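Novice: Protein chains in written order, with our numbering: chain A, 336 to 671; chain B, 336 to 671.
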DNA sequence: GAACATTGGGAAACCGGTTTCCTACATGTG
DNA sequence: CACATGTAGGAAACCGGTTTCCCAATGTTC
């Protein structure tokens, strides 16, 4: 039914081995034979079966991307670029949403191994025991993106989350804010934890005590920003500013503030994180910490591809890219 | 290096065939033997090699998802749910961003075939010649989502785009608007074309002539909404309302309106499409046409899985789901 | 107790590529 | 001219599963 390499070989009066060698240039073949083979390949419109090839070569041209969920403005943008980079190099992207569930993540890792994936990009928190164990025994190239591995067992690209949130808080402090909340991510994520540390250190450096009641830890989406805001902004002792773990959280928080009749930024300053496209379009524009998202994903792809090519000769790297503070309209100095 | 079915067979003193039969329950095996095999499988932590299995069975447990790009709030949500449904049924999702490029799409289709994917979900416009040709010769289950196939050669799930945009326009007309713009999608998409028709028909039904200068055709993202708005809203003869092809376009349009000092909805009504989460959180809340996104994706997955199970016995279906109009604050009646 | 059906399980072929190993021939060298 | 060296290309093994085909052992029926 389907055309195989043997069909081509037969028709060209050569052996399958020769056809394979012509197509992969894995061994020199005389010009005459090569041309004959290529002609037949053309005539029959032969495409080698990728599965058979995978089996023989123990590689699949498949790359697994593990993320909590593609349903996030930041991550979908990230994966979009990853996919493009991989496609350019003839790799196809397997989308693996872990839903922050370690069991699903384990299932996916095993499955990826069984499918001979050539590499994995992980955006699912920091190296966890099961990840380390897995990669110890299977030797599949892996890169962490958006999460730094302090043990240096894995390559990673990331910004300095500690410093980034430190800078966010400092910006507010320098603008006279004394009471600053944090709508952080779940602290089981190292990333969220690092940002929390940055926030705390900034407060400490400006001589302000840490008030746990101003700190929330939950998901990076708009709903949680809203919920947190609804809880915090009705309080008497509400802060004059809030650092958010994502722009979407910031937007949710703004929405909540407005429901209580608070004006942003006059009555409360709201700071975002990521600098998604919407941060610019929103009113007020969201003052935010920009992550170099395109750079992050391009470099993650590049590191992984290099690791695939070089295998055991590859030297693991930890890359840290620069973040920026983008000043827009959602924050202002405390007056009076 | 890796454990194979032959290792298991050896250790359990049976043939590989028996191990296969135990694991797949493809033929009865005595209780004693089965238990022995399972014990060894357990001991050696044996996982059958998915690639070898694919080769033998001509199936891969892989499903290709073709979309213009994952970098869209609507599509990423859609794919998120798809992936979840497929994962539940042991299928893994291959992400194929076509970037609206037919050549990339063709490449991906060929690649999917070579990888023995078990099915394909297409969100890339209506059946095009190359798609029809492809599926005629390869016989891979396929479902179109968000795009209806009028030729009925493919299964599809969709809303009635014509009616949806008709309803959007009618809502504005009933609220007294006489001059209504359209920020539509590229009309090479059947979907965008259908929406344009609905818009035109509504105008016609209310006795209003079609003014091409009020109609824009470009991408579904925030930037294009903004650009269109910047062009249109500075004109003397600007409309009192605009129908947008997505909520993001609406948000971009609102931004543009505000830059010209126009208040939404007092000076101009802006209508969205999709009802993404942000539509609710935005201020003003976006009045929009809700697509039942979860239903769409769940049903797309369901139809595809059924088609995979039933193969030639499967009867193609065209499902049309209901849309809704969600009234929020971005539109109001014309006064005076 | 003979004839037959049923069932468990092994050997080997198969899926469709790649690669090793080997042979036959052409070329270079003393 | 004899011999070493290099090279093109074929046969067959291999990747790791599944499945067909077959045989032996057991159960059933008259």
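Here a beta-carbon is modelled for each residue, glycine too, at the ideal position from N, C-alpha and C. Just so it is clear, the structure is predicted and the values come from calculations on it, not from any experiment.
1) Could you please give the first and the last residue of the uninterrupted beta strand (DSSP E) stretch that includes residue 457 of chain A?
2) Any beta carbon from chain B within less than 7 Å of residue 450 of chain A's own beta carbon?
3) Along chain B, in chain order, which residues have C-beta atoms closer than 9 Å to that of residue 649 of chain A?
4) Is DSSP giving residue 357 of chain A helix, strand or coil here?
5) For residue 668 of chain B, would you say it is in contact with chain A, using Cβ-to-Cβ distances shorter than 7 Å as the test?
6) Just verifying my parser: in three-state terms, what is the DSSP assignment at residue 398 of chain B?
7) Does chain A have any CB closer than 7 Å to the CB of residue 532 of chain B?
8) Residues of chain B with CB under 7 Å from residue 444 of chain A, in chain order?
9) From which residue to which residue does the alpha helix (DSSP H) around residue 583 of chain B run?
10) Where does the unbroken alpha helix (DSSP H) through residue 338 of chain A begin, and where does it stop?
11) Inspect the beta-carbon positions of residue 426 of chain B and residue 396 of chain B and report whether they are closer than 7 Å.
12) Just to confirm the assignment, what range does the beta strand (DSSP E) spanning residue 432 of chain A have?
13) Quick one: what's got a C-beta closer than 6 Å to residue 326 of chain A's C-beta in the same chain, skipping five residues either side?
14) Assuming the contact rule is C-beta atoms closer than 8 Å, residue 338 of chain B and residue 379 of chain B should be a hit. Round their C-beta distance to whole Å, please.
15) Suppose you measure from the CA of residue 452 of chain B to the CA of residue 399 of chain B; what does that come to, to the nearest Å?
16) Label residue 393 of chain A either buried or exposed according to how many other C-beta atoms from any shown protein chain fall within 10 Å of its C-beta, with 16 as the threshold for buried.
17) With a CB to CB cut of under 6 Å and the five nearest residues on each side skipped, what residues in its chain are close to residue 552 of chain B?
18) Assuming the contact rule is C-beta atoms closer than 8 Å, residue 490 of chain A and residue 642 of chain A should be a hit. Round their C-beta distance to whole Å, please.
19) Strictly below 8 Å CB to CB, what residues from chain A border residue 432 of chain B?
20) Name the chain B residues whose beta carbon is nearer than 9 Å to that of residue 602 of chain A?
21) Beta-carbon of residue 525 of chain A versus every beta-carbon of chain B: anything under 7 Å?
22) With respect to the beta strand (DSSP E) encompassing residue 478 of chain B, which residues constitute its N-terminal and C-terminal limits?
23) Against chain A, with Cβ distances strictly below 7 Å, would residue 493 of chain B count as a contact?
24) Ignore the nearest five residues each way along the sequence and tell me which others in residue 499 of chain B's own chain have a CB closer than 6 Å to its CB.
25) Is the CB of residue 459 of chain B under 7 Å away from at least one CB in chain A?
26) Would you call the CB atoms of residue 612 of chain B and residue 557 of chain A closer than 7 Å?
27) Could you name the residues of chain B that residue 429 of chain A contacts, counting a contact when the two beta carbons are closer than 9 Å?
28) Is residue 655 of chain B helix, strand or coil by DSSP?
29) Assuming the contact rule is C-beta atoms closer than 8 Å, residue 516 of chain A and residue 577 of chain A should be a hit. Round their C-beta distance to whole Å, please.
30) Less than 6 Å between C-beta atoms, sequence neighbours within five positions excluded: which residues of the same chain meet that for residue 590 of chain B?
31) Ignoring anything shorter than 4 residues or poking outside the segment 376 to 425 of chain B, list the alpha helix (DSSP H) runs there in chain order.
32) With H, G and I counted as helix, E and B as strand and the rest as coil, what does DSSP make of residue 445 of chain A?
33) Cβ of residue 563 of chain B less than 7 Å from any chain A Cβ?
34) Does any residue of chain A bring its CB to less than 7 Å from the CB of residue 441 of chain B?
35) Is the segment 601 to 618 of chain B touching the segment 639 to 655 of chain B in the sense that three or more CB pairs, one from each, lie closer than 8 Å?
36) Would you kindly check if the distance between the Cβ of residue 554 of chain A and the Cβ of residue 582 of chain A is under 7 Å?
Specialist: For this structure:
1) Residue numbering aside, residue 457 of chain A sits at position 122 when the first chain is read from its first letter. Counting along the chain, the beta strand (DSSP E) containing residue 457 of chain A begins and ends at 454 to 457.
2) One-based indexing of the first chain puts residue 450 of chain A at position 115. So, interface residue.
3) By 1-based counting over the first chain, the position of residue 649 of chain A is 314. The contacting residues do not exist; residue 649 of chain A stays about 20 Å from chain B at best.
4) Translated into positions along the first chain, residue 357 of chain A becomes position 22. Here residue 357 of chain A sits in helix by DSSP.
5) Here residue 668 of chain B corresponds to residue number 333 of the second chain, with the count starting at 1. It does not: the Cβ of residue 668 of chain B has no partner Cβ on chain A nearer than 7 Å.
6) Within the second chain, numbered from 1, the residue matching residue 398 of chain B stands at position 63. Residue 398 of chain B: strand per DSSP, three-state reduction.
7) Translated into the one-based positions of the second chain, residue 532 of chain B becomes position 197. No, no contact with chain A.
8) Translated into the one-based positions of the first chain, residue 444 of chain A becomes position 109. Neighbours of residue 444 of chain A on chain B: none; closest Cβ ~11 Å, over 7 Å.
9) Translated into the one-based positions of the second chain, residue 583 of chain B becomes position 248. Unbroken alpha helix (DSSP H) run through residue 583 of chain B: 582 to 594.
10) Here residue 338 of chain A refers to the residue found at position 3 of the first chain. Where residue 338 of chain A is concerned, there is no enclosing alpha helix (DSSP H), given that its DSSP letter is neither H nor E.
11) Taking the second chain and counting its residues from 1, one reaches residue 426 of chain B at position 91. Taking the second chain and counting its residues from 1, one reaches residue 396 of chain B at position 61. Their beta carbons are under 7 Å apart, which means residue 426 of chain B touches residue 396 of chain B by this criterion.
12) Position 97 of the first chain, counted from the start, is the residue given in the question as residue 432 of chain A. Element bounds for residue 432 of chain A: 427 to 432.
13) Because chain A spans 336 through 671 in this model, residue 326 of chain A falls outside it and cannot be assessed.
14) By one-based count along the second chain, residue 338 of chain B stands at place 3. By one-based count along the second chain, residue 379 of chain B stands at place 44. The Cβ separation is near 5 Å, so the contact holds.
15) As a first step, residue 452 of chain B must be located in the second chain, where it is residue number 117. As a first step, residue 399 of chain B must be located in the second chain, where it is residue number 64. For residue 452 of chain B and residue 399 of chain B, the distance between alpha carbons rounds to 7 Å.
16) Taking the first chain and counting its residues from 1, the one referred to as residue 393 of chain A is at position 58. That one is exposed.
17) As a working mapping, residue 552 of chain B is identified with position 217 in the second chain. Cβ within range, chain order: 519, 521 and 522.
18) Mapped onto the first chain, residue 490 of chain A falls at position 155. Mapped onto the first chain, residue 642 of chain A falls at position 307. Yes, residue 490 of chain A and residue 642 of chain A are in contact; Cβ-Cβ is about 7 Å, under 8 Å.
19) Position 97 of the second chain, counted from the first residue, corresponds to residue 432 of chain B. Near residue 432 of chain B (Cβ distances below 8 Å), the residues of chain A are 415, 418, 419 and 422.
20) Within the first chain, numbered from 1, the residue matching residue 602 of chain A stands at position 267. Per Cβ cutoff of 9 Å: no residues; residue 602 of chain A is ~15 Å from chain B at best.
21) For this step, residue 525 of chain A is matched to residue 190 along the first chain. Chain B, which has no Cβ nearer than 7 Å to the Cβ of residue 525 of chain A, makes this no.
22) For the purposes of this step, residue 478 of chain B is taken as the residue at position 143 of the second chain. Here the beta strand (DSSP E) through residue 478 of chain B covers 477 to 480.
23) Mapped onto the second chain, residue 493 of chain B falls at position 158. It does not; no Cβ of chain A falls within 7 Å.
24) Within the second chain, the letter at position 164 stands for residue 499 of chain B. Hits under 6 Å: 624 and 658.
25) On the second chain, position 124 is the one that residue 459 of chain B refers to. No - not a single Cβ of chain A is within 7 Å of the one on residue 459 of chain B.
26) Numbered from 1 along the second chain, position 277 holds the residue referred to as residue 612 of chain B. Numbered from 1 along the first chain, position 222 holds the residue referred to as residue 557 of chain A. Contact flag set, yes.
27) Against the first chain, residue 429 of chain A aligns to sequence position 94. Those are 397, 427, 428, 429 and 430, listed as they occur along chain B.
28) Indexing the second chain from 1 puts residue 655 of chain B at position 320. In the structure shown, residue 655 of chain B sits in a strand (DSSP, three-state: E or B).
29) On the first chain, position 181 is the one that residue 516 of chain A refers to. On the first chain, position 242 is the one that residue 577 of chain A refers to. About 4 Å; that satisfies the 8 Å criterion.
30) Translated into positions along the second chain, residue 590 of chain B becomes position 255. Excluding positions up to five away in sequence, the list reads 561.
31) 385 to 392 and 408 to 423
32) For the purposes of this step, residue 445 of chain A is identified with residue 110 of the first chain, where counting begins at 1. In the structure shown, residue 445 of chain A sits in a helix (DSSP, three-state: H, G or I).
33) Within the second chain, residue 563 of chain B is the residue found at index 228, counting from 1. Not one chain A Cβ lies under 7 Å of residue 563 of chain B.
34) Within the second chain, numbered from 1, the residue matching residue 441 of chain B stands at position 106. No, residue 441 of chain B does not count as interfacial toward chain A.
35) no
36) Sequence index remark: in the first chain, residue 582 of chain A carries index 247 (1-based). Sequence index remark: in the first chain, residue 554 of chain A carries index 219 (1-based). Their beta carbons are not under 7 Å apart, which means residue 582 of chain A does not touch residue 554 of chain A by this criterion.
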